[in-house]
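Only one structure is covered here, and it is reproduced in the block below.
Number of protein chains: 2
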Amino acid sequence: MKTATVYDVAKRAGVSRGTVDRVIFNRGRVSQKTVEKVREAIRELNYSANPSASALASKQIHCFACLIPQHQKGEYWDVVDEGFKHGLEEITFCNVDLRMYYYDQNDIESYRKMAAEILELRPRGVITNAVFKEAVTEFSYKLKDLAIPMAFIDNKYDDLDFDIYCGVDPYNSGQLGAYLLTVHQKVESVAMIRVVRDSGKHADPNAPRRHGFVDYIADHFPDSAIYTLFIDPSSSESIASSMDRFASAHPEVRHYAVTNSRLFLIANWLKDNYDPERVVVGFDDLEGNLKAMREGLVDFLVTKDIPGQSNYLLTNFVRNVIYSQPPKVKNNYVHMDVLSKMNCNK
Amino acid sequence: MKTATVYDVAKRAGVSRGTVDRVIFNRGRVSQKTVEKVREAIRELNYSANPSASALASKQIHCFACLIPQHQKGEYWDVVDEGFKHGLEEITFCNVDLRMYYYDQNDIESYRKMAAEILELRPRGVITNAVFKEAVTEFSYKLKDLAIPMAFIDNKYDDLDFDIYCGVDPYNSGQLGAYLLTVHQKVESVAMIRVVRDSGKHADPNAPRRHGFVDYIADHFPDSAIYTLFIDPSSSESIASSMDRFASAHPEVRHYAVTNSRLFLIANWLKDNYDPERVVVGFDDLEGNLKAMREGLVDFLVTKDIPGQSNYLLTNFVRNVIYSQPPKVKNNYVHMDVLSKMNCNK
DNA sequence: CATGATTAGGTGCACGCGCACGCATTCACA
DNA sequence: TGTGAATGCGTGCGCGTGCACCTAATCATG
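Heads up: the protein sequence lines correspond to chains B and C, in order. Residues are numbered in the working numbering as their position in the first sequence, beginning at 1, plus a constant of 3. Residues are numbered in the working numbering as their position in the second sequence, beginning at 1, plus a constant of 3.
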């Protein structure tokens, strides 16, 4: 079965190809009556542009902007970034130019500054994550004024307007971590390791995951103690001493969970203080975390396909925007994956 | 940066576009010297055809054939099939016609018959899985004679010629299943449930997985007994009675593994004879298996992205064949995934 | 050496679309 | 009523390929 072309639509509507083109792209210069005739013909013939021909003919470069946290090599957002790069390659034929912008997770003003730059760029679409409620909300409203669609990656604010989202259900991921930490066991006390942050400024993005974790433990082991332990990522000596202090204060604790993505920070301590009885669970398959797992220091990692997620989001978002179609699924909750020493090699 | 076109290649090689075209598609009618000049120019300019323009210009329909086991709705190969369908949609602009052929897993002659039909069709490429060593080998040789490339899905024969493979490492998956069955526990005896087959005719495709499972148990629990229990998929009453018989003969066994994909066959028995102390592990996220997991009858499922795997294989294979490029990675070992009650909802 | 077949290579067109340009007709306003 | 601007619509070209068709040179053969 042959698909309809602009020419078919034009013939059916009794106009020329140029007019059909103007209607499709809302370029104006068409009378209301004609617009409706053309729309009708498009609907009747179920016309949609041949993507190959579009890409070939259009010399226009579709500019998209992405605003995510700045990061070091190997960190969580670095892997997200890779996924975007990879997705970009998949849609080369769409002539997409993806501009990356990075903000400082501890500085809401840096987010605002980058957001302003993006607004000036007037891209066809924007991807960002949910961090500073206030700043993201402002940004979202301004984008809406300019009719620029927006997508959330990794986490989102449900009350804002966005086209598409891709990420895991963080509360559920916390529950899964707790399940794996305690499966087939009796548990009396659990240590939950957090990273100190300049937390006055913004909501901790890991909070929902932590809540899932805590709720699961409380539900299934109501008599168990949950200790929270803060470590400072900027100093490895301070990490070791924090861990030492905790371990000697609570020698009975065998179950450790790191609810953020940086389990690798305590890998050295786990190695230097190895205890075969200890159970350790972490999140996200960063290279450092995987290394710790291969060394037998970690029992389970809860993760997901991080680059796959950003890849998926980008390619779908771009397609939606370029061909002005609504997303098939707005909220894409990615599948959580469990890694153990037996399946942690890519 | 502009990508090179055929025209650029032609200019560089000092020939015309038509000659470049003949070289790329091996249409002959070009002297050896010129062929090399053109190849050289292609390499230097890192030329690859613009997929949009190719798709637009080519009216040719690329016919591919796929030969996999016949199946019922919801079974393993049904999910594989879905992945192919989905992949086909992603590459609509490539004008691919994928013809599906199905054989009877218990009848090597049915494989031969379908293979013969495919040979007559002369497709651009063939996808199949490794089942009947003899028949697949014959098929592979005949395809090679016709210069038709071949891809393996799910499992493979390493000594045959194929372009690309996609599947899990089955031995490793068996090990992972054993690990999850026994993690954090002392194990004295294990039941391994198999499906009776017309096993004289062909090698059991699940053998490597079973070996991985058995080896892991033997390595980590040398004193543990491993019992093998056969069930007959065609009769649910016989399944129940087999299970009953085994359970009363070996009441001490708490660890059950189903090493094929049909854990769902014993779901009813597990429910009717529920034992909170029992640990159950299975393979593959078929709908029936997931249902059993949601009902709390199964502790872990080892699986992978089944449709994703076939989708990936198809899209890459087609691209390789159409643009006559070698695959980036020939052996694609897909990541194994662990499902528990906490992450078994899509 | 004549003749036809074969080999090596070039050229033109169509694919479906985006977009720049061009040409009428109508409208606003002096 | 004349004139320039705005409106409504049609046409032609080019994007990079694939492929059918054409030409010139070479070769085999009697």
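Glycine included, C-beta positions come from ideal geometry on N, C-alpha and C.
Span of the alpha helix (DSSP H) around residue i
i, result
"A243 of chain B", "S239 to A252"
"V139 of chain B", "K136 to D148"
"D24 of chain B", "R20 to I27"
Three-state class that DSSP yields for residue i in the structure shown
i, result
"C347 of chain C", "coil"
"F165 of chain B", "coil"
"M153 of chain C", "strand"
"T6 of chain C", "coil"
"D100 of chain C", "strand"
"A133 of chain C", "coil"
"F320 of chain C", "helix"
"V12 of chain B", "helix"
"A52 of chain B", "coil"
Span separating the alpha-carbon of residue i from that of residue j
i, j, result
"Y105 of chain B", "E137 of chain C", "57 Å"
"S19 of chain C", "A13 of chain C", "5 Å"
"V261 of chain C", "I220 of chain C", "14 Å"
"A270 of chain B", "R200 of chain B", "20 Å"
"C69 of chain B", "D100 of chain B", "11 Å"
"L300 of chain C", "N29 of chain B", "57 Å"
"Q178 of chain C", "V337 of chain B", "26 Å"
"V282 of chain B", "Q63 of chain C", "59 Å"
"K159 of chain B", "V139 of chain B", "10 Å"
"V321 of chain C", "D81 of chain C", "21 Å"
"I242 of chain B", "W272 of chain B", "8 Å"
"Y79 of chain B", "S264 of chain B", "7 Å"
"D255 of chain C", "G180 of chain C", "Residue identity check: residue 255 of chain C is Glu in the sequence provided, not Asp. Between E255 of chain C and G180 of chain C, the C-alpha separation is close to 20 Å."
"G285 of chain B", "Y277 of chain C", "32 Å"
"Y326 of chain B", "Q312 of chain C", "28 Å"
"R212 of chain C", "K331 of chain C", "27 Å"
"R25 of chain C", "H65 of chain C", "18 Å"
"H74 of chain C", "G215 of chain C", "26 Å"
"N335 of chain C", "G86 of chain C", "16 Å"
"S143 of chain C", "I167 of chain C", "13 Å"
"M394 of chain C", "T318 of chain C", "Because chain C in this structure spans residues 4 to 349, residue 394 of chain C falls outside the shown range and cannot be described."
"H187 of chain B", "Y259 of chain B", "16 Å"
"M296 of chain B", "K344 of chain B", "6 Å"
"C97 of chain B", "Y50 of chain C", "18 Å"
"A194 of chain C", "A228 of chain C", "8 Å"
"L59 of chain B", "S55 of chain C", "6 Å"
"I234 of chain B", "C347 of chain B", "26 Å"
Residue range of the beta strand (DSSP E) that includes residue i
i, result
"Y160 of chain B", "Per DSSP, Y160 of chain B belongs to no beta strand (DSSP E) and is neither H nor E."
"D340 of chain B", "D340 to L342"
"Y336 of chain B", "N334 to Y336"
Could you run through the region 90-119 of chain C and flag, in chain order, every residue whose CB is less than 8 Å away from some CB of chain B?
F96
Would you list, in chain order, the members of the region 317-343 of chain B that have their beta-carbon closer than 9 Å to a beta-carbon of chain C?
Y336, H338, M339, D340, V341, L342 and S343
Along the chain, which unbroken stretches of the alpha helix (DSSP H) at least 4 residues long are found entirely within the region 173-228 of chain B?
As for any alpha helix (DSSP H) of minimum length 4 sitting wholly inside the region 173-228 of chain B, the runs are 173-185 and 210-223, ordered along the chain.
Which residues of the region 48-59 of chain C have a Cβ closer than 9 Å to any Cβ of chain B? Give them in chain order.
Look at the region 48-59 of chain C: the residues with a C-beta under 9 Å from a C-beta of chain B are N53, P54, S55, A56, S57, A58 and L59.
Below 7 Å between beta carbons is the criterion; list the residues of the region 184-197 of chain C that meet it against any residue of chain B, in chain order.
V186, H187 and Q188
Please give me, in chain order, every unbroken run of the beta strand (DSSP E) with length at least 3 that falls completely inside the region 262-317 of chain B.
Counting whole runs of 3 or more residues, the region 262-317 of chain B contains the beta strand (DSSP E) stretches 282-286 and 303-306.
Which ranges does the beta strand (DSSP E) cover as unbroken runs of at least 3 residues, wholly within the region 63-116 of chain C, from first to last along the chain?
65-72 and 99-106
Note down, in chain order, all residues in the region 62-89 of chain C with a beta-carbon under 7 Å from any beta-carbon belonging to chain B.
none
Along the region 261-285 of chain B, what residues have a CB closer than 9 Å to any CB found in chain C?
V282
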